[in-house]
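Right, one structure below, let's go through it.
There are 2 protein chains.
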Amino acid sequence: MSEATSPESNRSTRDQILDEALRCFAEKGYEGTSLNDIAAGVGIRRPSLLHHFPSKEALYGDVFERLMSEWLERLDAAVAVPASGWDKSELVLRACLDLFAETPDYVRIMRREALDGGVHLGIDLSGVLRPFFDAAVQYLESQMAQGVFTQLDARHLLITGYGAILTYFSDAPFVDGLIDSDAMNEKNIRDHQEHVIGFFKAALLKS
Amino acid sequence: MSEATSPESNRSTRDQILDEALRCFAEKGYEGTSLNDIAAGVGIRRPSLLHHFPSKEALYGDVFERLMSEWLERLDAAVAVPASGWDKSELVLRACLDLFAETPDYVRIMRREALDGGVHLGIDLSGVLRPFFDAAVQYLESQMAQGVFTQLDARHLLITGYGAILTYFSDAPFVDGLIDSDAMNEKNIRDHQEHVIGFFKAALLKS
DNA sequence: TTGCCTACCTACCAGTAGGTAGTGGGTTAA
DNA sequence: TTAACCCACTACCTACTGGTAGGTAGGCAA
C-alpha cells in the first residue's frame with residue numbers, strides 16, 4: 001500500500017529522525033538531548049535509531065550539514081539575483097530573514113554551535129561562511145568607497161548584523177517576555193524583518 | 208593568619224566554586240557541565256562541593272543571580288548619571304559594553320539561558336530586565352517624538368541592539384574565524400565597542 | 001524452499017550523572 | 001580534656017547515558 005515498499009518507509013523514518021533531532025538539538029542542545037528523546041519522538045527505540053545513524057555525533061553532523069547547505073543555497077540564490085547598491089544588501093538580508101523565520105530551529109542550533117565553539121563537530125562554522133563573509137566585506141567596502149553607504153568597519157558591521165538578525169529568533173522565549181507577546185507569531189516576525197531592514201537602511205544610507 | 212579563621216576560608220572556597228562554576232557553565236552549558244568538573248577545578252571532590260551548595264541547580268542559580276545583580280547595578284549607575292539625548296544612550300551602551308568586555312562569561316551564560324528559555328531556573332530573565340526595557344522604550348520614544356532620534360520601532364530597536372552587542376562576546380570563537388584574529392584581544396574589543404557606538408549613532412541621529 | 005536483506009525489538013554493557021551517608025582530622029571554645 | 005563544629009573525604013546509591021549483542025518478523029529474489 002502507501003508505504004509497503006522498504007526503500008520508501010526507510011527514507012521516511014530517516015527523515016523523521018532528522019526532523020526530530022533538529023527539533024531536540026535546537027530545543028535542548030547537544031548535551032541536553034539524549035538519543036532516547038529523539039527515538040521516542042519518532043516512535044521507535046534507541047537501537048533502531050542507531051540502525052539509521054552510526055552515532056549521536058554523526059546524526060548531529062547530518063542535521064547540521066542539511067542546515068548549512070540550505071542556508072548557503074539561499075545565500076547563493078540571493079547573491080545571483082542581479083542588483084546593486086542598497087537593493088543588493090536588502091535581497092541578501094531578506095533571504096536570510098525568510099529562511100530563519102521559516103525554520104527558527106536552524107538559528108537556535110547555529111547559535112548553540114557558535115557558543116560551544118564547534119566542539120561537537122569537525123566542521124568549522126566560520127570556515128564554511130568565510131567566503132560569503134569576505135565577499136560581503138568587499139562589497140560593502142566598495143559601496144562605502146563610492147559614498148553610497150556610510151563609512152563603517154565592514155567586518156564589524158557584518159558581525160553586528162548577524163547578531164541583530166539571529167538574536168530575535170534564537171532568543172524568542174526571552175523576547176516574548178520583553179514585548180509581552182509571542183515573538184514568533186506572524187505579525188511580530190514581519191515587524192522584526194521590516195525593522196531590521198529599516199534599521200540597516202537608516203545606518204547605511206545618508207538620507 | 209591570613210585565612211586561618213573558618214568563616215574566611217569557607218567564604219573563599221565558596222567563591223572559588225562560584226568562579227569555577229561561572230567559567231564551566233559559560234564554557235559548556237548547564238547540561239554539559241558536571242559537578243565533578245567544577246569540583247576538580249577548585250581542587251576538591253564533588254561531595255565537598257555539595258557541602259557548600261545544596262544542588263547543581265542551586266549553584267547555577269547563585270551564579271546567575273550574582274551575574275544579574277552586577278549587570279543591574281551597572282545599568283542603575285549608568286542611568287543615574289545626569290545626561291540627555293544621545294549622550295544618555297551612549298552612557299548606557301558603554302556601561303553594558305564595558306561589563307561584557309570584562310566578564311564575557313556573563314554574556315555566554317545569559318545567551319545560553321535565553322536559548323534554553325530559562326529552563327534551569329525559576330528566575331525569569333526577561334522579567335528581571337523588564338523595568339529597564341520599558342524605561343528604555345519610553346526614553347527612546349520620547350526622543351523620537353522630539354525628532355532627536357530617527358523614527359524606529361523602539362522595542363525592536365532595543366532587541367536588535369541587545370543582539371548586536373552580545374553576539375560579539377558570546378560567539379567570540381566564531382568571530383575569531385571570520386576576522387582571522389582573536390576577537391577577545393584588547394584592540395578588537397575596543398574596535399567592536401566603537402563600531403557599535405558609531406553604528407547606533409549613524410542609525411539614530413540624522414546628520 | 002532457501003538465503004539474504006532491512007528495520008525493528010529486548011537485554012545488556014560500561015561509564016557517568018547528581019545526590020546521600022557516614023567517617024575523621026583540625027580548629028575553636030568551654 | 002573534652003565537646004562542638006566545620007569541612008573535606010571515601011564509599012555508595014539510583015538513574016540514565018551512548019553503544020552493542022543477539023534475535024525476530026517480513027519482503028524479495030533465485
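Residue numbers (the working numbering), protein chains in the order written: chain D, 1 to 207; chain E, 208 to 414.
Idealized CB from N, CA, C, for every residue including glycine.
Computed from a predicted structure; not experimentally measured.
- In the structure shown, the three-state DSSP call for D:Met-184 is coil.
- As summarised for the segment 84-110 of chain D, there are no continuous beta strand (DSSP E) elements at least 3 residues long confined to that stretch.
- By the 16-neighbour rule on beta-carbons within 10 angstroms, D:Ala-80 is exposed.
- E:Thr-374 places its beta carbon less than 8 angstroms from that of D:Tyr-162.
- Using a 10 angstroms sphere on the CB of D:Arg-45, the tally of other CB atoms stays under 16, which defines it as exposed.
- Taking E:Gly-248 as the centre and dropping the five residues before and after it, the same chain places the C-beta of Glu-227, Arg-230 and Cys-231 closer than 8 angstroms to its C-beta, in chain order.
- When C-beta distances to chain D are compared with 7 angstroms, the residues of the segment 237-253 of chain E below that value are Glu-238 and Gly-239, in chain order.
- For E:Lys-263, the enclosing alpha helix (DSSP H) stretches over residues 263-287.
- DSSP places D:Leu-49 in the helix class (H, G or I) of the three-state scheme.
- Contact with chain E is found for D:Thr-150, since one of that chain's Cβ atoms lies less than 8 angstroms from the residue's Cβ.
- Note that the C-beta distance between E:Ile-372 and E:Cys-303 is below 8 angstroms.
- Under the three-state reduction of DSSP output, E:Lys-235 falls in the helix class.
- Secondary structure of E:Gln-223 (DSSP, three-state): helix.
- At a cut-off of 4 residues, the continuous stretches assigned as alpha helix (DSSP H) that sit fully inside the segment 319-363 of chain E are 332-352.
- Selection D:Asp-176, D:Ala-172 and D:Asp-98 evaluated against D:Ala-78 yields D:Asp-98 as nearest (Cα-Cα).
- Among the residues of the segment 391-405 of chain E, those with a Cβ less than 8 angstroms away from any Cβ of chain D are Asp-398, His-399, His-402, Val-403 and Gly-405, in the order of the chain.
- Contact between the segment 81-90 of chain D and the segment 30-39 of chain D is absent, with fewer than three C-beta pairs closer than 8 angstroms.
- Rounded to whole angstroms, the separation of the alpha carbons of E:Ile-366 and D:Val-196 is 10 angstroms.
- In the same chain as D:Leu-157, and ignoring 5 residues on each side of it, the C-beta atoms closer than 7 angstroms to its own belong to Leu-140, in chain order.
- Cβ atoms of E:Asp-378 and D:Leu-115 come within 8 angstroms of each other, at about 7 angstroms.
- Counting the other CB atoms within 10 Å of its CB gives D:Glu-113 a total of 16 or more, which places it among the buried residues.
- Within 7 angstroms of the CB of D:Asp-153, the CB atoms of chain E belong to Asp-398 and His-402, in sequence order along the chain.
- Using beta-carbon distances, E:Asp-331 counts as an interface residue toward chain D, with a partner under 8 angstroms.
- Following the DSSP letters along the chain, one finds E:Gly-384 inside the alpha helix (DSSP H) bounded by residues 379-386.
- Of the candidates D:Arg-155, D:Lys-201, D:Gly-43 and D:Leu-59, the residue whose Cα lies closest to the Cα of E:Glu-401 is D:Arg-155.
- At a cut-off of 8 angstroms between C-beta atoms, D:Leu-157 counts as an interface residue with respect to chain E.
- Rounded to the nearest whole angstrom, the C-alpha separation of D:Ala-202 and E:Ser-241 is 46 angstroms.
- Taking the CA atoms as reference points, D:Gln-151 sits about 10 angstroms from D:Ser-142.
- Distances from the alpha-carbon of E:Leu-225 to those of E:Ala-233, E:Gly-324, E:Glu-234 and E:Asp-269 put E:Asp-269 closest.
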